[in-house]
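I have placed the structure first, in the form of structure tokens, so that the comments after it can refer back to it.
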Amino acid sequence: MNRYNAGFMTSRGQPMKDSRHAVRCSECSVRRLCLPAGLPVEDIDRLERVTRNKRLVKAGETLYRSGDSFHNLYAIRSGSFKTAVIASDGDTQVTHFALPGELLGLDAYSSRTHPSYAEALEDSSICVLPFSQLESLAQEVPALQQQIYSIFSEELRQENEILLLLGKRAANARLAALLVNISSRYARRGYSASRFVLSMPRMDIANYLGLTPETVSRLFKALQKDGLIRVSGREVEVLDLIALSELAGTHCGYDESEIGRRSVSV
Numbered sequence: 012m013n014r015y016n017a018g019f020m021t022s023r024g025q026p027m028k029d030s031r032h033a034v035r036c037s038e039c040s041v042r043r044l045c046l047p048a049g050l051p052v053e054d055i056d057r058l059e060r061v062t063r064n065k066r067l068v069k070a071g072e073t074l075y076r077s078g079d080s081f082h083n084l085y086a087i088r089s090g091s092f093k094t095a096v097i098a099s100d101g102d103t104q105v106t107h108f109a110l111p112g113e114l115l116g117l118d119a120y121s122s123r124t125h126p127s128y129a130e131a132l133e134d135s136s137i138c139v140l141p142f143s144q145l146e147s148l149a150q151e152v153p154a155l156q157q158q159i160y161s162i163f164s165e166e167l168r169q170e171n172e173i174l175l176l177l178g179k180r181a182a183n184a185r186l187a188a189l190l191v192n193i194s195s196r197y198a199r200r201g202y203s204a205s206r207f208v209l210s211m212p213r214m215d216i217a218n219y220l221g222l223t224p225e226t227v228s229r230l231f232k233a234l235q236k237d238g239l240i241r242v243s244g245r246e247v248e249v250l251d252l253i254a255l256s257e258l259a260g261t262h263c264g265y266d267e268s269e270i271g272r273r274s275v276s277v
């Protein structure tokens with residue numbers, strides 16, 4: 012069950028009533044992914060004043076829509092989102108699954124208009140980061156500016172990884188790559204890398220991978236039969252990370268030595 016922080020606003024702007032779980036930036040479980048390492052306390056306090064607007068977005072609700080003007084970045088504190096674009100013919104393409112500690116809205120920076128929409132896959136909590144204020148603060152805090160550059164760089168790296176994932180790989184390799192990618196991202200956040208819940212429905216996974224839902228279901232069963240994973244509903248347990256990575260043809264965020272360590276610990 013997700014826990015939300017005091018003062019959170021619902022996506023409709025109503026304040027949360029539960030105040031038992033107030034969390035400052037300096038105490039947030041995903042702070043190491045958002046805050047520059049070694050940032051002085053006084054600078055963290057200044058950043059907290061920028062990020063004081065916390066919101067709860069219910070499952071299925073939209074955080075922003077395609078065509079909306081770009082004003083904010085959104086840091087995910089808990090829960091998960093999908094982003095998707097709508098083509099001129101009305102077809103929808105899922106482009107990303109975002110996890111705690113990641114930022115939403117980066118793809119609107121250059122055009123100042125959101126090219127995609129973001130929808131909560133489960134009840135989720137976010138920090139709203141007014142970009143103009145964040146940019147001004149970054150000019151005064153070099154470490155924060157460097158962190159922003161690093162986040163943009165990571166976003167580009169992930170986009171390149173997605174292009175590789177969806178390129179010429181076979182269907183089973185695409186699914187394997189997605190699972191290794193999600194495993195590595197949970198590992199960086201201090202969560203279990205071998206057991207996690209896929210908050211996205213199979214239909215969204217199929218759309219993202221360019222497959223049919225029936226094919227995705229068949230592939231999950233095949234990976235389980237081969238002893239690479241164990242599936243129970245939406246919960247996935249990675250049983251053989253090395254074999255899964257070899258099938259994927261990519262480490263998807265892991266380095267080679269880490270793949271070995273994770274496989275030993277599974």
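For the sequence shown, my numbering begins at 12 and goes up steadily by one.
Positions of the beta carbon are idealized from the N, C-alpha and C atoms, including for glycine.
For Ala-254, the uninterrupted alpha helix (DSSP H) run begins and ends at 252–259, by DSSP.
Per the C-alpha coordinates, the member of Asp-237, Asp-215, Asp-54 and Ser-77 positioned closest to Ala-98 is Ser-77. Distance from the CA atom of Leu-252 to the CA atom of Leu-115, rounded to whole angstroms, is 28 Å.
In the three-state scheme derived from DSSP, where H, G and I count as helix and E and B as strand, Phe-207 is classed as strand. Separation of the CB atoms of Glu-72 and Ala-131 is rounded to 5 Å, and the pair is thereby assigned contact status at 8 Å. Restricting attention to beta strand (DSSP E) runs no shorter than 3 residues, the region 163–232 encloses them at 206–208, ordered along the chain.
In this structure, Asn-83 places its C-beta atom within 7 Å of the C-beta atom of Leu-140. Sorting Ala-149, His-107, Gln-144 and Gly-260 by C-alpha distance to the C-alpha of Asp-215 places His-107 at the top. Within the model, the alpha-carbon separation for Ser-161 versus Pro-153 is close to 12 Å. By DSSP's assignment, Val-247 forms a beta bridge with Phe-207 and Val-242.
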